[in-house]
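Residues in the sequence shown are numbered from 80 upward in steps of one, following our numbering.
The beta carbon of each residue, even a glycine, is placed where N, CA and C say it ideally should be.
Small disclaimer: the values here were computed from a predicted structure and weren't measured.
Here the structure is laid out as structure tokens; the discussion comes afterwards.
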Amino acid sequence: MANNKIGIDIGGTNLKVAWVEDNHISSEIIERGTPDNIDQFRTVLWEILNSININNETRLGFSVPGVVDYTNGNIDLCPNLEYLNGINVKDLLQREECMVGNDADMALLGEISSNDLWEENIGLVALGTGIGSSYYISHTGPWQSNLLSEIGHIKVASNGRRCTCGGLDCLETYFSGWSLISQAKKSGLEVEDVYELFNLAQNSNQVASSLILQNIPYLGIAISSMINLTGINKVILTGKISRSYDLFQEALYNSVSNALHPHAKKDFQVIKSSLIDHSSIIGAVARFK
Ligand SMILES: [Zn+2]
80 MANNKIGIDI GGTNLKVAWV EDNHISSEII ERGTPDNIDQ FRTVLWEILN SININNETRL
140 GFSVPGVVDY TNGNIDLCPN LEYLNGINVK DLLQREECMV GNDADMALLG EISSNDLWEE
200 NIGLVALGTG IGSSYYISHT GPWQSNLLSE IGHIKVASNG RRCTCGGLDC LETYFSGWSL
260 ISQAKKSGLE VEDVYELFNL AQNSNQVASS LILQNIPYLG IAISSMINLT GINKVILTGK
320 ISRSYDLFQE ALYNSVSNAL HPHAKKDFQV IKSSLIDHSS IIGAVARFK
């Protein structure tokens, strides 16, 4: 059976499962709320897997929002889903054909395998509730080197804003979903989800627009640092905030360009993913031979 790989993207709020064939999603995507304990997680997952008739040879690739040890497949740290800390999915499901990876790494691997970018030097920034990142230097990805990059926790200012990681003035305290919502509420906007903030800006709400734009330079500093440090020349944006990229594309381009080394300025791109948040599902199975 050619089509025998399933990608499972475990997010902080939703769990998405789909068949993947030839580096593309080949079925409908089944979506459920992410369970809040390990027993429910196993039960929900088996319900989904049984409903789509997996067999003994079906290979399962997992993408998780946390730190993964690629040498042994353990989930070392999953801050938003603590019940996954220390879990090895092979043991959890009593199944050998399982692989697991960090969600930003798997999203980048999905972009690379789906769009045949193996020869490129490329980064990915996932703009959601938090901010994830990964980068790939032609033929070497973090899933091969067991490295973790955390652009969300680069220090981008010195205003003393406290981050969820315990540090101060991380990028996440300026441009993540959680921070933008908190800043929006302080500005008197009634928004519960970052979509709503970007919708307001799309509909010409000045408070929403200026709030987004005043935080763009921080994202620009972090992305230009990523480019200056690694030598990549293309950065792909994913995550729910990236869907509104047209609202801040020009401002971000200028911010990144201003902080880049002159050599890097000549040839760089910051683009939106074409895979609409499905890249982690594709990437999660891309390491199976
Ligand atoms: Zn932080």
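With a cut-off of 8 Å on Cβ pairs, the region 205 to 223 is in contact with the region 314 to 330, counting three or more such pairs. Residue list for ligand 1: H232, C242, C244, G246, C249 and E251 (CB closer than 6 Å to any heavy atom, chain order). K345 carries a coil assignment under DSSP once its states are collapsed to helix, strand and coil. Closest option to A287, judged by alpha-carbon separation, among I306, I300, G310 and S261: S261.
Listed in chain order, the non-local C-beta contacts of D148 below 6 Å within the same chain comprise D155, local neighbours out to five positions each way being set aside. The three-state reading of DSSP puts K84 in strand, counting E and B together.
The C-beta distance from G256 to I320 rounds to 6 Å, short enough to fall under 8 Å. Membership of A263 in the alpha helix (DSSP H) is indicated by the continuous run G256 to K265. Listed in chain order, the non-local C-beta contacts of L163 below 7 Å within the same chain comprise V143, G145, I154 and C157, local neighbours out to five positions each way being set aside. Judged by DSSP in its simplified three-state form, Y297 adopts helix. Of the other Cβ atoms in all chains shown, 16 or more fall within 10 Å of the Cβ of I300; this residue is therefore buried. Pairwise C-beta distances place the region 350 to 364 in contact with the region 189 to 198, as three or more of them are shorter than 8 Å.
In this structure, V235 sits near Y297, with a CB-CB distance shorter than 8 Å. Taking all protein chains in view, the Cβ of N181 is crowded by 16 or more other Cβ atoms within 10 Å, so the residue is classified as buried. Straight across, the Cα-Cα distance linking G209 with E175 is about 31 Å.
Shown here, N167 sits in a strand according to DSSP, grouped into three states. The beta carbon of K351 lies closer than 7 Å to those of L316, S321 and Y324 in the same chain, with the five residues before and after it left out. Around the Cβ of K264, a 10 Å sphere holds fewer than 16 other Cβ atoms; the residue is exposed. When C-beta atoms of the region 159 to 173 are compared with those of the region 322 to 341, fewer than three pairs fall below 8 Å, so the two segments do not count as touching. T113 is a Cβ neighbour of L160, given a cutoff of 8 Å.
Scanning its chain for C-beta atoms nearer than 6 Å, with the 5 sequence neighbours on each side dropped, one finds around N116 the residues Y162, in chain order.
When the five nearest sequence neighbours on each side are left out, the beta carbons in the same chain lying within less than 7 Å of the beta carbon of R240 are those of L247, D248 and T252, in order along the chain.
By the Cβ test, the region 127 to 143 is in contact with the region 85 to 105, since at least three Cβ pairs between them sit closer than 8 Å.
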